[in-house]
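A.B. asks:
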Amino acid sequence: MDNIMPVLAVRNMSVRFGESCEYCIKGCAVEKGRCPYCHTIWALNKVSFNLYPGEILGIVGESGSGKSTLLKALYFDMEVSCGEAYLSEYREGRENIFEISSQQKRYIRNHKMGMVYQNPVMGLRMNFSNSANVAEKLIAAGIRNAGNMTQRAEYLLSHVEVPVSRIKEEPKNFSGGMQQRVQISKALANNPPVLLLDEVTTGLDLSVQARVLDLIKKIQLELGISMIVVSHDLSVIRMMSDRTLVMLGGRIVEEGLTDQILEDPIHEFTQTLVHSLL
Amino acid sequence: MLQVSGLSKQFKMHIRDGLVIDGFNDVSFTAYKGKLLAVTGKSGIGKSTLLKCIYRTYKPTGGSVIYLSRDGKKVDLAKEEDQTIIWLRKSELGYVSQFLHVIPRVSALDILAGRLLTGNASPKGAREEAEYLLDRVRISKSLWNMYPSTFSGGEKQRLNILLAIAAKPNLLLLDEPTASLDAVSKDIIIELILDTKKKGVTLIGVFHDRDAIKALADTRYDMRKNRLVAVS
Ligand SMILES: Nc1ncnc2c1ncn2[C@@H]1O[C@H](COP(=O)(O)OP(=O)(O)O)[C@@H](O)[C@H]1O
Ligand SMILES: [Mg+2]
Ligand SMILES: [Zn+2]
Numbered sequence: 004m005d006n007i008m009p010v011l012a013v014r015n016m017s018v019r020f021g022e023s024c025e026y027c028i029k030g031c032a033v034e035k036g037r038c039p040y041c042h043t044i045w046a047l048n049k050v051s052f053n054l055y056p057g058e059i060l061g062i063v064g065e066s067g068s069g070k071s072t073l074l075k076a077l078y079f080d081m082e083v084s085c086g087e088a089y090l091s092e093y094r095e096g097r098e099n100i101f102e103i104s105s106q107q108k109r110y111i112r113n114h115k116m117g118m119v120y121q122n123p124v125m126g127l128r129m130n131f132s133n134s135a136n137v138a139e140k141l142i143a144a145g146i147r148n149a150g151n152m153t154q155r156a157e158y159l160l161s162h163v164e165v166p167v168s169r170i171k172e173e174p175k176n177f178s179g180g181m182q183q184r185v186q187i188s189k190a191l192a193n194n195p196p197v198l199l200l201d202e203v204t205t206g207l208d209l210s211v212q213a214r215v216l217d218l219i220k221k222i223q224l225e226l227g228i229s230m231i232v233v234s235h236d237l238s239v240i241r242m243m244s245d246r247t248l249v250m251l252g253g254r255i256v257e258e259g260l261t262d263q264i265l266e267d268p269i270h271e272f273t274q275t276l277v278h279s280l281l
Numbered sequence: 581m582l583q584v585s586g587l588s589k590q591f592k593m594h595i596r597d598g599l600v601i602d603g604f605n606d607v608s609f610t611a612y613k614g615k616l617l618a619v620t621g622k623s624g625i626g627k628s629t630l631l632k633c634i635y636r637t638y639k640p641t642g643g644s645v646i647y648l649s650r651d652g653k654k655v656d657l658a659k660e661e662d663q664t665i666i667w668l669r670k671s672e673l674g675y676v677s678q679f680l681h682v683i684p685r686v687s688a689l690d691i692l693a694g695r696l697l698t699g700n701a702s703p704k705g706a707r708e709e710a711e712y713l714l715d716r717v718r719i720s721k722s723l724w725n726m727y728p729s730t731f732s733g734g735e736k737q738r739l740n741i742l743l744a745i746a747a748k749p750n751l752l753l754l755d756e757p758t759a760s761l762d763a764v765s766k767d768i769i770i771e772l773i774l775d776t777k778k779k780g781v782t783l784i785g786v787f788h789d790r791d792a793i794k795a796l797a798d799t800r801y802d803m804r805k806n807r808l809v810a811v812s
């Protein structure tokens with residue numbers, strides 16, 4: 004029960020679109036993420052949080068609150084304007100991963116973090132077979148033996164319940180739920196300690212949604228992997244996460260146990276969010 | 581052991597022009613190992629709010645909840661870090677209400693066996709123990725592989741208590757676990773709670789009926805008078 008070391012520690016992370024000015028650079032209250040003077044958008048404004056080992060951390064907030072920006076910047080799809088992040092499994096958490104070389108960033112993307120996007124087009128090559136999609140990730144991590152690769156790809160795809168008979172098919176012919184399964188297996192290919200999931204069930208039918216979420220939960224229990232699950236949908240957060248961050252205008256306005264966030268929201272915005280659903 | 585001091589809870593409703601709703605005020609008591617403290621008072625007085633504050637589903641507004649953990653550390657549940665609360669919930673804090681909350685689409689047997697697996701049990705051992713326990717609370721064998729969502733109220737509640745006990749809590753909070761149940765289910769649940777007391781678990785419970793209080797409680801905290809009173 005002693006202090007638990009986070010797997011990922013994020014400090015004062017900001018992403019802005021625009022030049023910023025004297026007012027907003029000081030981190031003054033920027034309503035809804037936009038500076039009233041220079042109109043710079045602060046998609047993320049000094050965000051700090053920890054992700055603990057084996058936890059599913061939920062992030063909830065309305066569309067435009069900065070949730071996707073947060074995940075994209077952590078996965079180096081987008082540059083941060085300032086801030087720090089430390090991964091316990093990268094150089095014992097001693098180096099700010101926002102300031103390492105692009106080669107090192109690639110290493111982290113291939114070994115230490117996995118990402119599942121809302122839109123499967125972002126995570127998959129639609130004209131490659133499913134197994135080739137997974138193999139691509141294995142090759143990136145330096146696995147060269149074709150036999151090993153096929154075996155591992157088959158194992159991963161069957162693990163996310165893609166029928167073996169269909170692993171040679173291309174994901175473009177798959178349903179949305181199946182595409183998400185392929186994306187998940189690709190993201191898990193190299194056993195990353197951290198998995199980022201951005202609205203992965205948004206837009207799917209409710210029953211398909213439930214099965215994909217079941218799968219993610221099952222994988223989390225089996226592998227003990229730490230996950231950040233982003234969703235605008237409180238029912239997804241309720242089902243998935245132990246702890247939840249609430250975002251508004253690029254900031255974290257409330258952080259708490261998921262049942263506390265849902266049953267005893269303290270911040271005005273969280274109250275609005277929760278009560279609008281009752 | 582659990583020592584509650586000056587605990588209170590107010591809800592500030594920003595969405596209703598900052599209206600402040602009183603949960604309860606200035607509650608103090610100590611609950612002991614192997615004993616059950618019953619919390620009483622009329623509906624709306626704050627009994628459930630109190631239990632939820634101890635479990636931290638609600639954030640207390642004032643006061644402290646000093647809990648002595650299994651490894652001998654004193655923590656203030658009212659202020660402890662979220663991740664420590666999560667850890668404690670997984671290992672030693674239990675909470676049971678009238679409602680069963682379980683992972684959907686998993687059978688009763690699998691859920692219970694899963695709960696028993698934490699610790700050093702083997703999967704086979706956990707399954708056998710789960711079967712033994714389901715049988716003991718007289719949940720018929722034909723239901724073991726069904727989803728609990730299909731169970732009757734009494735069956736759901738028997739499973740609910742079993743799940744809480746299977747997690748081997750050190751402190752167990754019970755919020756009307758016998759509400760609106762048939763006599764048989766009620767007796768089975770009372771028996772399970774008595775067993776739990778014998779194992780040295782600290783229990784705090786809200787019960788709507790006097791029989792259950794008589795059978796189970798060692799002390800009683802009256803929320804109207806804000807103090808401990810005689811059990812009967
Ligand atoms: N490339 C961009 N250029 C300008 N503004 C952007 C860009 N990407 C995101 N934003 C803005 O950043 C804010 C946060 O967006 P986003 O992270 O997508 O929110 P969410 O994922 O919570 O819906 C919004 O105001 C959005 O319009
Ligand atoms: Mg988004
Ligand atoms: Zn500005």
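These protein sequence lines are chains G and A, in that order.
FYI, in the numbering used here the residues of the first sequence are 4 to 281.
FYI, in the numbering used here the residues of the second sequence are 581 to 812.
For each residue, glycine too, the CB sits at the ideal point set by N, CA and C.
#1: Along the beta strand (DSSP E) that carries Ile601(A), what are the first and last residues, could you check?
#2: Could you pull out every residue in the same chain whose Cβ sits closer than 8 angstroms to the Cβ of Leu697(A), ignoring the five residues on either side in sequence?
#3: By a C-beta neighbour count over all protein chains shown, 10 Å radius and 16 as the cutoff for buried, is Asn725(A) buried or exposed?
#4: Restricting to Cα atoms, I'd like to know which of Lys639(A), Ala618(A) and Lys748(A) is closest to Gln590(A).
#5: Which residues in chain G have a C-beta closer than 8 angstroms to the C-beta of Tyr577(A)? List them in chain order.
#6: Would you check if the distance between the CB atom of Leu276(G) and the CB atom of Ser229(G) is smaller than 9 angstroms?
#7: Just list the residues that DSSP pairs Thr776(A) with in beta bridges.
#8: Check whether the Cβ of Ala12(G) lies closer than 9 angstroms to any Cβ atom in chain A.
#9: Considering just the uninterrupted stretch of the beta strand (DSSP E) at Leu582(A), what are its terminal residues?
#10: Whole-angstrom Cβ separation of Arg241(G) and Leu265(G), contact assumed at under 8 angstroms?
#11: I'd like to confirm something about Tyr40(G): is its beta-carbon nearer than 8 angstroms to some heavy atom of ligand 3, or not?
#12: Return no unless some Cβ of chain G is closer than 9 angstroms to the Cβ of Thr664(A).
#13: Among residues of its own chain, excluding the 5 on either side of Ala213(G), which ones have a beta-carbon nearer than 8 angstroms to its beta-carbon?
#14: Can you give the Cα-Cα distance for Ala190(G) and Arg650(A), rounded to whole angstroms?
#15: Output the distance between the C-alpha atoms of Met593(A) and Thr273(G), rounded to the nearest integer angstrom.
#16: Check whether the Cβ of Ser23(G) lies closer than 8 angstroms to any heavy atom of ligand 3, and answer yes or no.
#17: Is there a Cβ from chain G that is less than 9 angstroms from the Cβ of Arg738(A)?
#18: Measuring CA to CA, which of Asn750(A), Leu599(A) and Leu761(A) is closest to Ile784(A)?
#19: Asp217(G) CB to nearest chain A CB: under 9 angstroms?
#20: Does the distance from the C-beta atom of Ile691(A) to that of Arg738(A) stay below 9 angstroms?
#21: So that I know if they touch, is there some Cβ in chain A lying closer than 9 angstroms to that of Leu191(G)?
#22: I need the boundaries of the beta strand (DSSP E) containing Cys85(G), first residue and last residue.
#23: Ser188(G) lies in the beta strand (DSSP E); which residues open and close that run?
#24: Which runs of the beta strand (DSSP E) at least 3 residues long sit entirely within the stretch 113-174 of chain G? Give them in chain order.
#25: Any chance the CB of Cys27(G) is under 8 angstroms from a heavy atom of ligand 3?
C.D. replies: The structure says:
#1: Going by DSSP, Ile601(A) is part of the beta strand (DSSP E) stretching over Leu599 to Ala611.
#2: So the qualifying residues of the chain are Pro703 and Ala706.
#3: Exposed, because fewer than 16 other Cβ atoms sit within 10 Å of the Cβ of Asn725(A).
#4: Per the Cα distances, Lys639(A).
#5: Here chain A comprises residues numbered 581 to 812, so residue 577(A) is not present and cannot be evaluated.
#6: Taking 9 angstroms as the Cβ cut-off, Leu276(G) and Ser229(G) do not qualify as a contacting pair.
#7: Bridge partners of Thr776(A): none, in fact.
#8: False, the Cβ-Cβ gap to chain A never drops below 9 angstroms.
#9: First-last of the beta strand (DSSP E) with Leu582(A): Leu582 to Met593.
#10: The beta carbons of Arg241(G) and Leu265(G) sit about 6 angstroms from each other, so the pair counts as a contact at 8 angstroms.
#11: With a cutoff of 8 angstroms, Tyr40(G) counts as near ligand 3, since its C-beta is closer than that to a heavy atom of the ligand.
#12: Cβ-Cβ to chain G under 9 angstroms: yes for Thr664(A).
#13: Excluding its 5 nearest sequence neighbours in each direction, Ala213(G) has no C-beta neighbour in its own chain below 8 angstroms.
#14: The C-alpha of Arg650(A) is placed about 39 angstroms away from the C-alpha of Ala190(G).
#15: Taking the CA atoms as reference points, Met593(A) sits about 11 angstroms from Thr273(G).
#16: The answer is yes for Ser23(G).
#17: Closer than 9 angstroms: no.
#18: Nearest to Ile784(A) by alpha-carbon distance, out of Asn750(A), Leu599(A) and Leu761(A), is Asn750(A).
#19: It does: the Cβ of Asp217(G) has a partner Cβ on chain A nearer than 9 angstroms.
#20: Not a contact, by the Cβ cut-off of 9 angstroms.
#21: For Leu191(G), the closest Cβ of chain A is not nearer than 9 angstroms.
#22: Start and end: Cys85 to Leu90.
#23: Looking at the DSSP string, Ser188(G) is not in any beta strand (DSSP E); the run it does join, the alpha helix (DSSP H), is Gly179 to Leu191.
#24: Runs of the beta strand (DSSP E) spanning 3 or more residues and lying entirely within the stretch 113-174 of chain G occur at 116-119, in chain order.
#25: Yes.
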